[in-house]
Amino acid sequence: PSSCKGTFKYVVLVVLWTRRAFCFAACRQIRHGAQTSQLGYYWKPTSLRLSSDAHSNGVRDSPLKTENDLNGVNVEWEVYVDQSKPSLERGASATLDAFVGLAPPEVRVIPAILPKSKGAKGPIVRCVAVDDETDCLEISNVASVDKVYRILTRHMRVQGVDASARECLKWKYNGNGHLEEGNLSLAIDAYDKALDTRFSEQEGIILLMRSSAYLQLASVHQKELKELVEDLSRSLPDTSTLQLLYEEAARHPSLSSAIFKRIVLDTKAQERKFRQTKFRHGVYQYALLHAAQDSLRATQLLSNYSNSWLRAGEVLEDLWKLKESAQYYEKAVQLDSSLSDSLSPVIERLRKRQELLNSARAYGWSEDTLRLALDVAG
Numbered sequence: 217p218s219s220c221k222g223t224f225k226y227v228v229l230v231v232l233w234t235r236r237a238f239c240f241a242a243c244r245q246i247r248h249g250a251q252t253s254q255l256g257y258y259w260k261p262t263s264l265r266l267s268s269d270a271h272s273n274g275v276r277d278s279p280l281k282t283e284n285d286l287n288g289v290n291v292e293w294e295v296y297v298d299q300s301k302p303s304l305e306r307g308a309s310a311t312l313d314a315f316v317g318l319a320p321p322e323v324r325v326i327p328a329i330l331p332k333s334k335g336a337k338g339p340i341v342r343c344v345a346v347d348d349e350t351d352c353l354e355i356s357n358v359a360s361v362d363k364v365y366r367i368l369t370r371h372m373r374v375q376g377v378d379a380s381a382r383e384c385l386k387w388k389y390n391g392n393g394h395l396e397e398g399n400l401s402l403a404i405d406a407y408d409k410a411l412d413t414r415f416s417e418q419e420g421i422i423l424l425m426r427s428s429a430y431l432q433l434a435s436v437h438q439k440e441l442k443e444l445v446e447d448l449s450r451s452l453p454d455t456s457t458l459q460l461l462y463e464e465a466a467r468h469p470s471l472s473s474a475i476f477k478r479i480v481l482d483t484k485a486q487e488r489k490f491r492q493t494k495f496r497h498g499v500y501q502y503a504l505l506h507a508a509q510d511s512l513r514a515t516q517l518l519s520n521y522s523n524s525w526l527r528a529g530e531v532l533e534d535l536w537k538l539k540e541s542a543q544y545y546e547k548a549v550q551l552d553s554s555l556s557d558s559l560s561p562v563i564e565r566l567r568k569r570q571e572l573l574n575s576a577r578a579y580g581w582s583e584d585t586l587r588l589a590l591d592v593a594g
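Counting with our numbering, you get residues 217 to 594 for the letters of the sequence shown.
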């Protein structure tokens, strides 16, 4: 038994030292083979590959810091966050965003494809001390803001990690989860709480996400508005029907009282439906105005982020502020030329719709009636 026990200890030590040696070798390979990519991150072409498209198509909700943001900063740690497909399926994009949001300037956060140790589950994170290659950590299943916070403060012993940032990010991811599930009111409430932490570095992106929630909520209200208008239009008798009822009442005076009573009751029901329609239209406009307020503020805080200008353009279009919407779309194209093909026809369509809007106003339509008609038509 004693010899078996000794053998077991020896095997455990060999496994631990092998794993540690693998980590050191990987750290050394990363350090000595580092190159600069066009996005400003550092990567190794062989064992470590920058995931340049890991956050495309809306996977990320905020822009990453680039090399220019770190000029003049003494970097003490490099944190590589695995962005392989298995890790992304387990929330690696949120892990990367949490490190970017929590890490102070002396920690460089790098999206990468990492070689995986046997049995490790994503999201996987590798932390390398710049001045000491032997100080290397590899941690798996980094799937929460609290775990990212512990890695930075306890394992890496980094100073200056803001506790309010942790609370802000927790509420932001909570809101993102509700938004993805379609629980829009809960998402808006979570974003409100995230903003209440007053962590300014995340304010712009949270406003942008809250505007998305309000915009989706407005879409729900618009669908209900259309259904109410359709129901109201079905309940309204056309001119020929009313003419027949009046003629029937004139031919049969004994029925006139019942006919007019029915018309009055129908009119009252129609009036209730019309009030419901006006209320739903007001709720729809309220959600849009909140989305506009958030997205316009986001363009001020994230002035170089094309998505903020794109979102503001979408909201202004729904509010029928067509000239302003076109201007915001054009700004988005200036920041991201790849949007030109998709937005150019949209901008041209807005100009034509503006002409129709001017014609309708020339015919004397009131603004309230015009807005209701346009919002129902979409």
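For each residue, glycine too, the CB sits at the ideal point set by N, CA and C. Given the structure is predicted, the values throughout are model-derived calculations rather than measurements.
Query	Result
Out of curiosity, what's the CA-to-CA distance linking residue 544 and residue 570?	15 Å
Tell me, please, which residues DSSP counts as bridged to residue 364.	BP columns for residue 364 are empty, so no partner.
Taking the CB atoms as reference points, tell me whether residue 354 and residue 367 lie closer together than 8 Å.	no
Name the DSSP beta bridge partners of residue 327, please?	297
Look at the alpha carbon of residue 547 and the alpha carbon of residue 508, and state the distance between them as a whole number of angstroms.	16 Å
Alpha carbon to alpha carbon, how far is residue 312 from residue 301? Give it in angstroms, no decimals.	14 Å
According to DSSP, residue 345 sits in a beta bridge with which residue or residues?	293
Go ahead and pull the three-state DSSP assignment for residue 322.	coil
Return the Cβ separation of residue 437 and residue 358 in integer angstroms, given the expectation that the two are a contact with Cβ distance under 8 Å.	Between residue 358 and residue 437 the Cβ distance is about 39 Å, and since that is not below 8 Å, they are no contact.
For residue 518, which three-state DSSP category applies?	coil
Assign residue 353 to one of three DSSP states: helix, strand, or coil.	strand
Report the three-state DSSP secondary structure of residue 523 (helix, strand or coil).	helix
Go through its chain and collect everything with a Cβ distance to residue 321's Cβ below 6 Å, but skip five positions before and after it.	289
Would you mind stating whether residue 361 and residue 386 have Cβ atoms separated by less than 8 Å?	yes
Taking Cβ positions, are residue 364 and residue 315 nearer each other than 8 Å?	yes
Just reading off the alpha helix (DSSP H) that residue 394 is part of, what are its end residues?	379-397
Are the C-beta of residue 336 and some C-beta of chain C separated by less than 8 Å?	Although the question refers to chain C, the structure presented lacks it and comprises just one protein chain.
Taking three-plus beta-carbon pairs below 8 Å as touching, is the segment 483-497 in contact with the segment 418-436?	no
Taking 7 Å as the limit between beta carbons, can you name the residues of its chain near residue 432, skipping five residues before and five after?	400
Since residue 558 is in the alpha helix (DSSP H), which residue starts that stretch and which ends it?	556-578
Run through DSSP, which three-state label would residue 333 get?	coil
Answer yes or no: do residue 434 and residue 422 have a C-beta to C-beta separation smaller than 8 Å?	no
Does the segment 292-300 come within contact of the segment 323-332, defined as at least 3 CB pairs closer than 8 Å?	yes
Given a threshold of 16 other Cβ atoms within 10 Å of its Cβ, counted over all protein chains shown, does residue 389 qualify as buried or as exposed?	buried
Verify whether the separation of the beta carbon atoms of residue 538 and residue 504 is less than 8 Å.	no
Evaluate residue 258 with the Cβ neighbour count: other Cβ atoms within 10 Å of its Cβ, from every protein chain shown; 16 or more gives buried, anything less gives exposed.	Residue confidence for residue 258 is low, a pLDDT of 31 falling below 50, so the modelled location carries little weight; the figure read from the coordinates is stated next. Counting Cβ neighbours within 10 Å, residue 258 comes out buried, since at least 16 surround it.
If you run the structure through DSSP and keep just helix, strand and coil, what is residue 442?	helix
Closest by CA to residue 346, which one among 329, 372, 335, 334?	372
Ordered along the chain, which non-local residues of its own chain (more than five positions away) have a Cβ less than 8 Å from that of residue 236?	Residue placement at residue 236 is flagged as unreliable, the pLDDT there being 49, under the threshold of 50; a coordinate-derived value is accordingly withheld.
Expressed to the nearest angstrom, what Euclidean distance is found between the alpha-carbon atoms of residue 383 and residue 575?	51 Å
Leaving aside the five residues before and after residue 444 along the sequence, list all residues of the same chain whose C-beta is less than 6 Å from its C-beta, in chain order.	492, 493, 496
Can you tell me where the alpha helix (DSSP H) with residue 404 in it begins and where it stops?	400-412
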